[in-house]
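When you read off a place in the sequence shown, starting at 1, and then add 70, the result is the number in the working numbering. Single-structure report; data block below.
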Amino acid sequence: MNPSIAHYLTTWFSFTSVTKPLRIGLATEPILPLSSGAKFELTPSTPVATLDYGHEVAGYPYYDVEFISGKVQIEVKYSEEFKGLSTNFSDGPFPFAIGLSNTYRVETFELNETGPFQAFLLQGGQRWQSIRLLTPGSVTFSTIGFTASVSNIDVSTLPGGFESDNIMLNDIWALGARASSVACIDRGTQGSMWEFDMNGALVRGMKPGLTIKGASFQNYTLEFDTMIKRGGIGWAIGAPIATPLGLQLNLVGELPKNTTFVNTNTTLTPPNSLILSYGYSLVNVTTLPSYRLDVFNTPPMEENTWYTVRTILDTADNLAVYIDDAEIFNTSLSSYYVGETPIQTAGTFGFGGWQDQVGYIKNVIVRDTFNQSLLYNNTMMTDTDLVLTEYGVHSNLQTTCLDGAKRDRLVWLGDFYHTSRIIPVTTSRSDHLKGTLNTFLDWQTDNGLLPFAPPIGYNASGAKQTFAFGGGASAGLEIYGSVLADYQILGLISYSNYISSSNDLEFARQTWSNWQLLADWLIAQLSPDTGLPVFLSSFLGPSQGSAVSCALVQALSQLVEVAMALNDLASAAKYQTTATKISTAVNRQLWNPTIGVYSLSAASPGDYSIAAIGFCITSGTANTTQALQSLQALDALKLGPGYKDSTQVNSSDLSTNISPNINGFLLAAIISHNASSKALSLLESLWSPMLSNPKTSTGASWEYVNLEGNPGLGLFTSLAHPWGGAPTYLLTEWAAGLRRAGGLSGYGYRNWLINPDVGLAMGLKTASARVVTAFNGSLSVKWTLDKGVVDVFINAPSNTSGVFEVAGTRKVLGGGNSYRFNKCRFQLVTARDDNSASTVKSLSMASYTPLNQ
């Protein structure tokens, strides 16, 4: 193992340490913290503590109580954005997926004794935390923080690094480094969501965990025993497992004063009631609609008392609930409005609850509503590890990378594209990359399709067929080939990215047949008429459009190199031939010479997109003339922060969001064609807003940005999302100028290239970068510019070789481990076609010194 990684991992694995806030403020409401320190007291006159961790952190909330006086209940909020601390639900809830973290961003505790304690449920990502004293007592905390579930990195000491005299660029580089660090998790670090004892499964308030065994159920009766420990208990029924919305029921207890938190919202969850809702939750969440359908009265529901609950679905869309054989309601679901699509009743079931609720579940039985045949039986008291995996609440079984720290906390296939490029130039955690790829392969179907967003709490061996072929009304439909089919392309590119950066040919060989299956499936989607890929749905752009087509060219072209590295020349020839044919078809059918850019699709010849411009350039589909013309066409897509997705997006619509993900594909095309002014402008306009406001900055890259430079989905926005981190690897590769050589020779940095042209043209006076190679050492460069003279220092493993290149002048280097170029003079010229401020015109390398040979 490389010594720099070993040192880093030794520090990284200090999970038992508590991540503590940098600043704390005391007031009557959340305030911007002004002072440092750890110990503080909450009293009725200063009931609120605001804690600022300075950047995104993750883990299990930890508290060390030093002193208690009187009755003490505290309400704790967690948020990535500061203003979340002043809203009812903070920046949550997150009911789309379980993610092995607390669905809710607010939780309440009653403190009865001094000493340390830790919350049971994980909080996946936040910068801010507030603690509000709810009762007349007082409490002193000696320590507050999080028991880390991911690395709390120091960007300056990572195995990979970047630094320049432009502080903004340095901080932008760090955004992707931190985002990937908090989104990538080691096996077993995200704990199970349920506990078990002699009473059954203890279920805390959360999005219901759904059993994989009920995916095909319909017209069924669900029966279980439950005991409310506090607040209530919730369950879902008729939920399509791969599309997690369905009927939600919540049974609220009598809420006795002596055990009920004083902040319990009795308007939302009235005592002795059964709440019926449909969608994702009891409340609406951004992009996740929920409908509160009805509230029914129940008999007094005492805590610590067992009740038998029976929920009945039938073919007439009737729903009935009985508690201990007493009817609570029997209603027709068709009488409720839930938008244009009627309530769906086919699908699985599961158990959860609202915020701060806790209850037991046992003796779960499912029967066919009409013939009473037994469909399911589980006491929830035996084989509990299997129960955890069945309901998707088991601790994570694989080291892997999620889409975001706080949400969705799924292993999104397409999102991994940028992460696969970020990690090699930052943490160099190849195990995170390989673990993620293995996650996809664990869930792969027999025809090669990968899951577009596998969850982390299920065991793939038991769950993959259920997720791949849907449930409920869509049971039997091949989901992976129907939903976001172009994510299969991005997944294939991510595999090649890993192999080329790591030179891990052993993994490439072991899994080669899996990736061949995927490539074959993608090739089979090509239209026999147009030669372009036909997808039912896609993310990058329309079916048979320029974006998905050029992305496929890139995927197959990169796969050619892997095939050659494995000496599979037949596959290499097949992929190369196919890529060439697609490229030819794109240029013949989709290049629009009138507007000088690739058409969005044949159906929209006058429209174009930044995804298409990005991929058509980086895939090599566009020639030099086409690339330059395409970049000139970007002006029509420019908004305040970055570029809108396409000409079809309304620039005047205030709800328009800018995607750092898609702009990242574009940035790669811009910067690789030396359009330094455009690149710098894009970096400043889109990524600097992620840094400038301490109330929204997390030190990590964002999911979306709105037209005002704020989080694009409001509080729901993930502010630690690696898909927004493309500048991290592009600054290393182009601003510092350190990158792998092209082709097989560059795998693992066996051969490398140092070229500071772009950095110099951006106006940098100094830049440095380092990466870990696959050849027992790190590769680094540092160059400085002073009065037209450049000094360059390069350090590399002795068994690697490279090229130093600037302004078209090249010097081949090898046989040593340190090289220096000093007193290199160059000339800057202005007024290029791309409006770059400057570019290197010429350079003399008369002074070159190989060191330590």
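Here a beta-carbon is modelled for each residue, glycine too, at the ideal position from N, C-alpha and C. Computed from a predicted model, the values in this text were never measured in an experiment.
Paired residues, beta bridge with residue i - DSSP
i: MET297; result: TRP376 and TYR430
i: ASN776; result: ASN727
i: MET276; result: GLY423
i: GLU180; result: GLN143
i: ASN448; result: VAL434
i: ASN821; result: SER871
i: TRP198; result: ASP122 and SER149
i: THR381; result: LEU292 and VAL391
i: VAL365; result: ILE345
i: TYR132; result: GLN188 and GLY215
i: LYS714; result: Looking at the DSSP assignment, LYS714 forms no beta bridge with any residue, so it has no partner.
i: GLN267; result: Looking at the sequence shown, residue 267 is not Gln but Asp. GLY270.
i: PHE399; result: VAL391
i: PHE331; result: None; PHE331 has no bridge partner.
i: PHE110; result: PHE211
i: TYR648; result: A small fix is needed here, since residue 648 is Thr in this sequence, not Tyr. The partner list for THR648 (beta bridge, DSSP) is empty, contrary to what the question assumes.
i: ARG93; result: ASP122
i: TRP793; result: Answer by DSSP bridge pairing: none, since TRP793 is not bridged.
i: GLN193; result: GLY129
i: THR470; result: ILE255
i: LEU203; result: ILE144
i: PRO781; result: VAL775
When the options are compared against residue i, the one with the closest alpha-carbon
i: ARG257; options: THR787, VAL353 and ASP501; result: ASP501
i: ASN182; options: GLN425, PHE164 and GLY207; result: GLY207
i: GLY275; options: ASP364, VAL428 and LEU596; result: VAL428
i: GLU754; options: ARG810, MET832, ALA697 and ASN693; result: MET832
i: ASN573; options: TYR392, SER105, LYS504 and VAL355; result: LYS504
i: GLN614; options: LEU636, VAL873, ASP638 and ARG658; result: ARG658
i: LEU547; options: ALA396, THR536 and LEU785; result: THR536
i: GLY684; options: ASP677, ALA672, ALA673 and SER700; result: SER700
i: SER552; options: GLN718, ASP715, ASN780 and THR313; result: THR313
i: GLY53; options: LEU511, GLN702 and LEU814; result: In the structure displayed, the chain extends from 71 to 923; residue 53 sits before or after that span and is not available.
i: ASP224; options: GLY215, LEU752 and ASP241; result: ASP241
i: THR854; options: ILE94, PRO826 and LEU403; result: PRO826
i: ALA589; options: ASN508, LEU519, GLY194 and ALA530; result: LEU519
i: THR664; options: ILE393, LEU636 and ASP677; result: ASP677
i: GLY816; options: LEU789, SER570 and ALA285; result: SER570
i: PRO326; options: ILE311, ALA578 and ASN342; result: ASN342
i: ARG300; options: TRP424, ASP394, GLY420 and GLN193; result: TRP424
i: ALA306; options: PRO369, LEU338 and PRO165; result: PRO165
i: GLU460; options: ASP426, TYR174, THR497 and SER531; result: SER531
i: ASP861; options: LYS835, VAL355 and SER868; result: LYS835
i: ASN367; options: PRO340, VAL436 and GLN580; result: PRO340
CB contact flag (residue i, residue j, <8 Å)
i: ASP134; j: PHE211; result: yes
i: THR798; j: ALA247; result: yes
i: MET263; j: GLU324; result: no
i: ASN400; j: LEU204; result: no
i: ILE680; j: LEU756; result: no
i: PRO675; j: ASN693; result: no
i: SER351; j: PRO163; result: yes
i: LEU170; j: GLY261; result: yes
i: THR98; j: THR113; result: no
i: GLY847; j: ALA837; result: no
i: ALA811; j: GLY872; result: yes
i: ILE864; j: GLY782; result: no
i: ILE652; j: LEU602; result: yes
i: THR469; j: ILE255; result: yes
- Query: If you scan the region 827-886 from start to end, which runs of the beta strand (DSSP E) of 3 or more residues do you find wholly inside it?
  - Reply: Segments of the beta strand (DSSP E) lying fully in the region 827-886: 836-842, 848-856, 859-865, 871-876 and 879-884.
- Query: Does the region 838-847 come within contact of the region 807-823, defined as at least 3 CB pairs closer than 8 Å?
  - Reply: These segments touch.
- Can you list the alpha helix (DSSP H) stretches of 4 or more residues lying completely in the region 478-566, in chain order? Every alpha helix (DSSP H) stretch that sits fully inside the region 478-566 and reaches 4 residues is listed by chain position as 486-492, 500-512 and 530-538.
- Task: Say whether the region 175-191 touches the region 142-160, bearing in mind that this needs 3 or more beta-carbon pairs closer than 8 Å, one atom from each stretch.
- Result: The region 175-191 and the region 142-160 touch, with no fewer than 3 CB-CB distances between them shorter than 8 Å.
- Message: Does the structure place the region 342-349 close enough to the region 219-232 that three or more beta carbon pairs sit under 8 Å?
- Response: Because the criterion of three Cβ pairs below 8 Å is not met, the region 219-232 and the region 342-349 do not touch.
- Item | Segment contact, 8 Å Cβ cut-off, at least three pairs: the region 104-113 with the region 180-200 | The answer is no - the region 180-200 does not touch the region 104-113, with fewer than three Cβ pairs under 8 Å.
- Task: Please go through the region 582-628 and give each complete alpha helix (DSSP H) segment of 4 or more residues, from N-terminal end onward.
- Result: Residue ranges of uninterrupted alpha helix (DSSP H) with 4 or more members, entirely inside the region 582-628 and ordered along the chain, are 582-594.
- Message: Would the region 559-567 count as touching the region 484-498 if we require 3 or more Cβ pairs under 8 Å?
- Response: Contact holds: three or more Cβ-Cβ distances are below 8 Å.
- Evaluate the contact criterion for the region 284-303 versus the region 381-394: three or more CB pairs, one atom per stretch, below 8 Å. Three or more pairs of CB atoms, one per stretch, sit closer than 8 Å, so the region 284-303 contacts the region 381-394.
- Between the region 441-452 and the region 265-274, do three or more beta carbon pairs fall short of 8 Å? With a cut-off of 8 Å on Cβ pairs, the region 441-452 is in contact with the region 265-274, counting three or more such pairs.
- Message: So, does the region 772-786 touch the region 718-732, judging by three or more C-beta pairs under 8 Å?
- Response: The region 772-786 vs the region 718-732: in contact.
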